[in-house]
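Novice: Below: one structure in structure tokens.
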Amino acid sequence: MMERRNWIAGRQVDGVRLEANCNPARPAEVVGHYAWASVAQAQEALDAAREALPAWAVSNPQTRSDILRRAGDELNARAEELGALLTREEGKTLREGIGEIRRSAQIFHYAAGEPLRQGGEALPGLRDGTTAMVSREPVGVVALITPWNFPMAVPAWKAAYALAFGNTVVLKPSEVTPACAWELADILHRAGLPAGAFNLVNGDGRTLGPVLVDGADAVSFTGSPGVGRTILERSVARMTRVQLELGGKNPLVVLDDADLDLAVEVALQGAFYSTGQRCTATSRIIVDRRVHDAFVERLVAKMSALRVGDPLEAATDIGPVVSEPQLAKDLHYVTVARDEGAELAFGGGRLDRDGYFLEPTLFVGTSNTMRINRDEVFGPVACVIPADGLDHAISIANDSEHALSSGVVTRGLAAAETFRRRSRAGLVMVNAPTAGIDYHVPFGGRGPSGYGGREQGSAAVEFFTEGKTTYINHGITG
Ligand code: UN1
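Using our numbering, you'd call the opening residue of the sequence shown number 35 and step up by one each time.
Structure (structure tokens):
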């Protein structure tokens, strides 16, 4: 049986106990046993990162770039194997699993350019014979706390940039999906990262989170709003820099001039692919009354053709829900929706087979005030809300505690631009699904959906570096 340990100071370290990582499609199948670290070991990981920091922070940019590129190369070379591992621990389809590994490789390749692009500014000072320099430095030791739904891509897009800008890292992945994070640590080690620059501790957030938040110079977290708030509150005492990527209740607006086949495809992909387990997933489908019935009819027809089943099989569209508790939560919300008077248009039931399988589920006749349209479910469950025209649709879309991603399907340029301007969300998708993002542009939401600055692309430098302004009195005026 495969056993995997923590990574501290470049060494693999036993934990306090081993926990089984099970396949949600076949819960009896153990993917591997993973060692959980103690609080003292999480502290050791922070100490190792602290010790590695001075050298890594000023390391040669070419050295840093080469290591990140090699990590990307290995992810690409092993995309099929690691994609299958991802699918076995998380449940998304093999196509999605391989796609996520390839995306992670691209993230490393993109980030490999960052050390070479790091520059600053030099301005003439306002006193004669002076120059003012504006430069950036690493923040320091960064704790990365990552979710189960993108077990490789989220650790990759936090770690690649953190390391590119000269920070050292302690990663604590979700205890539900430790396998990909372990492979990433192994790959970075082999790519030539110095001991202690990247450390991995497994365990639950309740136990390890506090020590990581207290001991790091910055914390980047993706996960639930409740945990995000706890991290933020805890970080205040030490004024630790915090970046939070939290929930969504993402609206997709379908206007009466939409290409309905496109609208159905966009809704289907956004709401149900990856089993709806994306913070960017479409959950509120706001449809103009004039096309409501035609849209619902076509969407239900497409939903009934989706194949839910073993995610390792090529014909499968939708894999299992990640875990028993998550399935219980999804089913609870199906009941909540019914009790509130929502009408079940499709799905709603657990599949009669081994594994945590839920039918893709659609409710119609819902209103935006219902709990099913307020709380994040994080499963393959979406609701249709009827609307009267663009203004009404926008007001429904914006009436939410969350503001991560939003979408509009329309043939009208003016309507699309009006929606883009007035949507409160951090990401706006025009004739495209609310989920499924590019790695080279900023990502994140507003308000309770996101806090502390965007991730990825040109935004990553903001979180992972500190600014410094230097005044130099060199006395040269000529
Ligand atoms: C995507 O939609 O491709 O946890 C990515 C999440 C997000 C990533 C979404 N941080 O679902």
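Just so it is clear, CB atoms sit at the ideal spot from N, CA and C, and this is done for glycine as well.
Which of the three DSSP states, helix, strand or coil, is assigned to Y367?
Specialist: Note: Y367 maps to helix in three-state DSSP.
Novice: Beta carbon of T127: closer than 6 Å to some heavy atom of the ligand UN1?
Specialist: Result no, Cβ not under 6 Å from the ligand UN1.
Novice: Under 8 Å by Cβ, that's how I've got H143 and K283 pegged, so tell me the actual separation to the nearest angstrom.
Specialist: Contact flag wrong, Cβ pair sits at about 33 Å.
Novice: What residue ranges within the stretch 77-108 form continuous beta strand (DSSP E) runs of no fewer than 3 residues, ordered along the chain?
Specialist: If we require 3 residues or more, the stretch 77-108 turns out to have no beta strand (DSSP E) run fully inside it.
Novice: Could you have a look at E124 and say whether DSSP puts it in helix, strand or coil?
Specialist: Of the three classes helix, strand and coil, the one that applies to E124 here is helix, per DSSP.
Novice: Are there any heavy atoms of the ligand UN1 lying less than 6 Å away from the beta-carbon of E130, as far as the coordinates show?
Specialist: Not under cutoff, so the answer is no.
Novice: Cutting at 7 Å between CB atoms, please list the residues of its own chain near V173, excluding the five before and the five after it.
Specialist: Answer for V173: N201, D251, A252, R275, F498, T499, E500, listed in chain order.
Novice: What's the gap between the Cα of V526 and the Cα of L52?
Specialist: There is no way to answer for residue 526, as the model of the chain reaches only from 35 to 512.
Novice: Which same chain residues, not among the five before or five after E155, have their C-beta less than 6 Å away from its C-beta?
Specialist: Hits under 6 Å: V168.
Novice: Am I right that D327 and V288 are in contact with their C-beta atoms under 8 Å? What's the rounded C-beta distance?
Specialist: That pair is no contact at about 12 Å.
Novice: Could you tell me which of A494, A493, G460 sits nearest to P482, measuring between CA atoms?
Specialist: Checked all of A494, A493, G460; the closest Cα to P482 is G460.
Novice: Quick one: residues with CB closer than 6 Å to any heavy atom of the ligand UN1, in chain order, please.
Specialist: Every residue passing the under-6 Å Cβ criterion appears here: P181, N183, F184, V188, T256, E279, R312, C313, T314, A469, G470, I471.
Novice: Specify the secondary structure class of C214 as computed by DSSP and reduced to three states.
Specialist: Of the three classes helix, strand and coil, the one that applies to C214 here is helix, per DSSP.
Novice: Per the DSSP calculation, Y505 is bridged to which residue(s)?
Specialist: Looking at the DSSP assignment, Y505 forms a beta bridge with A166.
Novice: May I ask you to list the residues that DSSP assigns as paired with W41?
Specialist: According to DSSP, which records beta bridges pairwise, W41 is partnered with Q46, L234.
Novice: Let me check understanding here. Comparing Cα to Cα, which of A146, K206, V355 lies closest to L107?
Specialist: It is Asp, not Leu, that sits at residue 107 in the sequence shown. The option with the nearest alpha carbon to D107 is A146.
Novice: What are the boundary residues of the beta strand (DSSP E) that includes H67?
Specialist: Segment 60-70, the beta strand (DSSP E) holding H67.
Novice: Quick check on R405: buried or exposed, where buried means 16 or more other Cβ atoms within 10 Å of its Cβ?
Specialist: R405 comes out exposed.
Novice: Which complete alpha helix (DSSP H) runs does the stretch 431-503 hold, if anything under 4 residues is left out?
Specialist: DSSP runs (the alpha helix (DSSP H)) wholly in the stretch 431-503: 447-456, 494-498.
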